[in-house]
Amino acid sequence: MSLSRVLHRGNDLNDKTSSGENSSGNTTDNAAENISKNAAKEAKSKDVTLRVLLTGGAGFIGSHLVRALIDLGSEVHVVDNFDPFYPRKLKERNIESILEHSKAALERSAEVQKSTLKVYEMDICDYGALISAFGNMKFDAFVHLAAKAGVRPSIKDPIGYGRTNILGTQNMLELAAKTGTKQFVFASSSSVYGVNPNVPWKEDEPLKPISPYAGTKIAGELMGHVYSHLYGIRFIALRYFTVYGPGQRPDLAICKFSHLMAQGKPIPFYGDGSTKRDYTYIADIVKGTISAMKYRDSMYEVINLGNHHTVSLKEMVEVLARGLGVRPILDVKPLPPGDVPQTYADIGKAKRLLGYEPATTFEEGIAKFVEWFKMTFMKSARSDR
Ligand SMILES: NC(=O)c1ccc[n+]([C@@H]2O[C@H](COP(=O)([O-])OP(=O)(O)OC[C@H]3O[C@@H](n4cnc5c(N)ncnc54)[C@H](O)[C@@H]3O)[C@@H](O)[C@H]2O)c1
Numbered sequence: 008m009s010l011s012r013v014l015h016r017g018n019d020l021n022d023k024t025s026s027g028e029n030s031s032g033n034t035t036d037n038a039a040e041n042i043s044k045n046a047a048k049e050a051k052s053k054d055v056t057l058r059v060l061l062t063g064g065a066g067f068i069g070s071h072l073v074r075a076l077i078d079l080g081s082e083v084h085v086v087d088n089f090d091p092f093y094p095r096k097l098k099e100r101n102i103e104s105i106l107e108h109s110k111a112a113l114e115r116s117a118e119v120q121k122s123t124l125k126v127y128e129m130d131i132c133d134y135g136a137l138i139s140a141f142g143n144m145k146f147d148a149f150v151h152l153a154a155k156a157g158v159r160p161s162i163k164d165p166i167g168y169g170r171t172n173i174l175g176t177q178n179m180l181e182l183a184a185k186t187g188t189k190q191f192v193f194a195s196s197s198s199v200y201g202v203n204p205n206v207p208w209k210e211d212e213p214l215k216p217i218s219p220y221a222g223t224k225i226a227g228e229l230m231g232h233v234y235s236h237l238y239g240i241r242f243i244a245l246r247y248f249t250v251y252g253p254g255q256r257p258d259l260a261i262c263k264f265s266h267l268m269a270q271g272k273p274i275p276f277y278g279d280g281s282t283k284r285d286y287t288y289i290a291d292i293v294k295g296t297i298s299a300m301k302y303r304d305s306m307y308e309v310i311n312l313g314n315h316h317t318v319s320l321k322e323m324v325e326v327l328a329r330g331l332g333v334r335p336i337l338d339v340k341p342l343p344p345g346d347v348p349q350t351y352a353d354i355g356k357a358k359r360l361l362g363y364e365p366a367t368t369f370e371e372g373i374a375k376f377v378e379w380f381k382m383t384f385m386k387s388a389r390s391d392r
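Each position in the sequence shown, counted from 1, maps to that position plus 7 in my numbering.
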């Protein structure tokens, strides 16, 4: 594996990690290792995408995907602006974790030896920077995960969400057209269905979005159609359903609640606990995304990636609290605007087109999340004392 040209604010992260400096303490966590190994194993004998431009690779889903692609021997170019939506150090930690993973895998895998990783700190809204970095390169696929994520914050910052998620997505599509890239995978969201009560949702259900975030994701799906039609780019929009697992975004309920419960603080508990989410484990999302990178049978598809199993807020809190070994304190609040009462994926299309088969039950996924959470945060909390 070549790590020698990793770009990150002019620093070579490989040198940093090899010197033993490591702020994370969790960079070799077993759960993340297993996620990428399993995804790589499943994709191995099939034809594998080689050179990939991946936006948002320093984030939660992106960093898991990078690990799996490195295990497959890919050349991965990560574009991420380390957006301050949540602490930069968590994203630095994700990148460090990828580098540690790669080093550990180098000896045992010929694929990993072939792989390369470059990280570009760059804003997808800066089209000039994108063109000067990548305009003369050829890619097998773009995977566009970079976004301002989250429903509630999008109501406070609709213009910022529009800029990154709509303009930024159009910039990436424009770059795909300019570089002759023929495969474009886009991270859409279950939130596009909004308040549609007709669950489980199939992809052709009417969309009734109720947050600016959801609106931006629909815009991305539609702009993808434009570029697919005009430039022959195969465009696959994946509607992810609440993704969780080791490294989950700190603003999402499972991770946020865990931090609060671990400190004995009350958790915000919206409504009567009956809202439902189709929680989908990160390893299943990574596998589905890699399958979409290799999909060739049509030029434009929108595909749900969910678990096809709903869990109520009440059940989620119970399972999580049991795993953490705490008694939750509830701070009951009304359902915030923008939040939908339920999400529930029909995954028939994903099964048919991508061979997608989610393999992790909610209980198993929470056990893996809790293992990671305890190792990462509860251990460091103890050592900080
Ligand atoms: N996590 C989920 O449950 C979930 C559900 C549905 C859809 N999604 C989508 O999946 C994608 C990844 O989500 P995640 O949970 O990993 O979020 P994340 O916030 O951890 O990752 C997104 C990454 O994009 C980067 N980014 C933001 N703005 C950027 C910009 N202008 N230029 C370059 N990089 C930028 C951020 O720094 C971050 O590293 C997003 O598009 C999100 O909308 C996530």
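Don't be surprised by glycine CBs; every beta carbon is placed ideally from N, CA and C. All values derive from a computational prediction rather than experimental measurement.
{"Asked": "Any 3 or more C-beta pairs closer than 8 Å across the region 249–260 and the region 205–222", "Found": "no"}
{"Asked": "Terminal residues of the beta strand (DSSP E) in which His151 lies", "Found": "148–151"}
{"Asked": "Residue range of the unbroken beta strand (DSSP E) whose run includes Thr350", "Found": "From DSSP, Thr350 is part of no beta strand (DSSP E); its letter is neither H nor E."}
{"Asked": "Cα-Cα separation between Gly239 and Ser305, rounded to whole angstroms", "Found": "11 Å"}
{"Asked": "Simplified DSSP state of Glu210, which is helix, strand or coil", "Found": "coil"}
{"Asked": "Contact the region 276–287 vs the region 241–250: 3+ CB pairs below 8 Å", "Found": "yes"}
{"Asked": "Three-state class that DSSP yields for His315 in the structure shown", "Found": "coil"}
{"Asked": "Status (buried if at least 16 other CB within 10 Å, exposed otherwise) for Ile77", "Found": "buried"}
{"Asked": "Burial state of Val158 (16 or more Cβ within 10 Å)", "Found": "buried"}
{"Asked": "DSSP state of Asp78 mapped onto helix, strand, coil", "Found": "helix"}
{"Asked": "Thr176: CB within 7 Å of a non-hydrogen atom of ligand 1", "Found": "no"}
{"Asked": "Member of Ala183, Ser116, Glu103 whose CA lies at the smallest distance from the CA of Gly142", "Found": "Ala183"}
{"Asked": "Enclosing alpha helix (DSSP H) for Thr223 [first to last residue]", "Found": "219–238"}
{"Asked": "Cα-Cα separation between Gly295 and Ala136, rounded to whole angstroms", "Found": "30 Å"}
{"Asked": "Helix, strand or coil at Thr62 according to DSSP, with G and I counted as helix", "Found": "strand"}
{"Asked": "Euclidean distance between Cα positions of Arg359 and Ala366", "Found": "16 Å"}
{"Asked": "Ser139 burial status per 10 Å Cβ neighbour count (16 or more: buried)", "Found": "exposed"}
{"Asked": "Expected contact under 8 Å - CB spacing of Leu72 and Val293 to nearest Å", "Found": "5 Å"}
{"Asked": "Pairwise C-alpha distance: Gly330 and Ile166", "Found": "39 Å"}
{"Asked": "In DSSP terms, what Ser161 is bridged to", "Found": "For Ser161, which the question treats as bridged, DSSP gives no partner whatsoever."}
{"Asked": "Option in Leu245, Ser235, Ser196 with minimal Cα separation from Thr223", "Found": "Ser196"}
{"Asked": "Residues that Ser195 bridges to, as DSSP identifies them", "Found": "Arg246"}
{"Asked": "Opposing strand residues paired with Gln255 [DSSP bridges]", "Found": "None, per the DSSP bridge assignment."}
{"Asked": "Own chain partners of Pro273 with C-beta closer than 6 Å, once the 5 adjacent residues on each side are dropped", "Found": "Ile336, Asp338"}
{"Asked": "Cross-strand partners of Thr287 (DSSP beta bridge)", "Found": "Val250"}
{"Asked": "For Glu103, the nearest candidate out of Glu371, Ile289, Arg74 (CA to CA)", "Found": "Arg74"}
{"Asked": "Spatial neighbours of Ile225 in its chain, beta-carbon cut-off 7 Å, leaving aside the 5 residues before and after", "Found": "Val199, Leu214, Pro216"}
{"Asked": "Own chain residues within Cβ distance below 7 Å of Ala357, not counting five before or after", "Found": "Gly295, Ile310, Asn311, Leu312, Tyr363"}
{"Asked": "Distance, Ser116 Cα to Val59 Cα", "Found": "20 Å"}
{"Asked": "Residues bridged to Gln190 [DSSP beta-bridge criterion]", "Found": "Arg241"}
{"Asked": "Asn314 beta carbon near ligand 1 (any heavy atom closer than 7 Å)", "Found": "no"}
{"Asked": "Through-space distance from His84 to Thr34, alpha-carbon basis", "Found": "With a pLDDT of 38 at Thr34, under the threshold of 50, the predicted position of this residue should be treated as unreliable, and no value is reported."}
{"Asked": "Beta-carbon proximity list for Gly278, same chain, < 6 Å, skipping 5 on both sides", "Found": "Leu342"}
{"Asked": "Burial state of Glu308, where buried means 16 or more other Cβ atoms lie within 10 Å", "Found": "buried"}
{"Asked": "Straight-line Cα distance separating Pro275 from Ile373", "Found": "19 Å"}
{"Asked": "Residues that Asp338 bridges to, as DSSP identifies them", "Found": "Pro275"}
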